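Residue numbers (this note's numbering): 12 to 180.
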């Protein structure tokens, strides 16, 4: 079990089981969200690190009433869940997704799993090192891992509200 918290520690999210993957995203919307949220969630190269976790293995332990949704536009298919007590981005949710993209910056003592790949690098403003696979869009391997996780979930698709409820996975 891993517990991650907002910056001030008022909101806590527990994660059980192994993550689906750890990745660093370079898409334009992740960079725009980081700039608008004013949060220290980006890497020195401009990417945003996420740990991808099944929704049925995530549970808000405390502070659910302090979570709010942030969208770049009203039509956006993604929402960033932010702890309003200290303006800490907690996770990103894709509309219809069965996973949460939890901000690696939320892990204590920089203990988040290391990224396994970079995604959406076609949007990166500068060349990236070749120390990780640099997928220009979403890689087939990462999509296969998401599908495999969904299959193991029985093709269920919990919502962000489900993460706020107490349940066992």
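Beta carbons: idealized from backbone N, C-alpha and C, even for Gly.
Fair warning: this is a prediction, and the values are worked out from it, not measured in the lab.
Through-space distance from residue j to residue i, alpha-carbon basis
i           : j           : result
residue 150 : residue 94  : 30 Å
residue 145 : residue 40  : 18 Å
residue 91  : residue 79  : 8 Å
residue 157 : residue 133 : 21 Å
residue 25  : residue 73  : 10 Å
residue 48  : residue 65  : 25 Å
residue 165 : residue 121 : 33 Å
residue 243 : residue 153 : For residue 243 there is no data in the structure shown, the boundaries of the chain being 12 and 180.
residue 140 : residue 46  : 23 Å
residue 173 : residue 55  : 34 Å
residue 19  : residue 77  : 12 Å
residue 30  : residue 84  : 29 Å
residue 105 : residue 17  : 20 Å
residue 168 : residue 71  : 17 Å
residue 170 : residue 36  : 22 Å
residue 138 : residue 148 : 15 Å
residue 50  : residue 86  : 23 Å
residue 107 : residue 123 : 25 Å
residue 38  : residue 23  : 27 Å
Cβ-Cβ distance between residue i and residue j below 9 Å
i           : j           : result
residue 100 : residue 125 : no
residue 109 : residue 161 : yes
residue 81  : residue 114 : no
residue 181 : residue 97  : Nothing can be reported for residue 181: it is not among the residues displayed for the chain, which extend from 12 to 180.
residue 58  : residue 155 : no
residue 112 : residue 68  : no
Cβ-Cβ separation, residue j to residue i (assumed contact under 8 Å), whole Å
i           : j           : result
residue 32  : residue 52  : Not really, about 18 Å apart at Cβ, beyond 8 Å.
residue 34  : residue 129 : 7 Å
residue 143 : residue 127 : 7 Å
residue 15  : residue 118 : 6 Å
Residues that DSSP places opposite residue i in a beta bridge
i           : result
residue 129 : 35, 145
residue 81  : 91
residue 13  : 26
residue 113 : 62, 102
Just to confirm the assignment: which complete beta strand (DSSP E) runs, minimum length 3, are found wholly within the segment 48-72?
59-65
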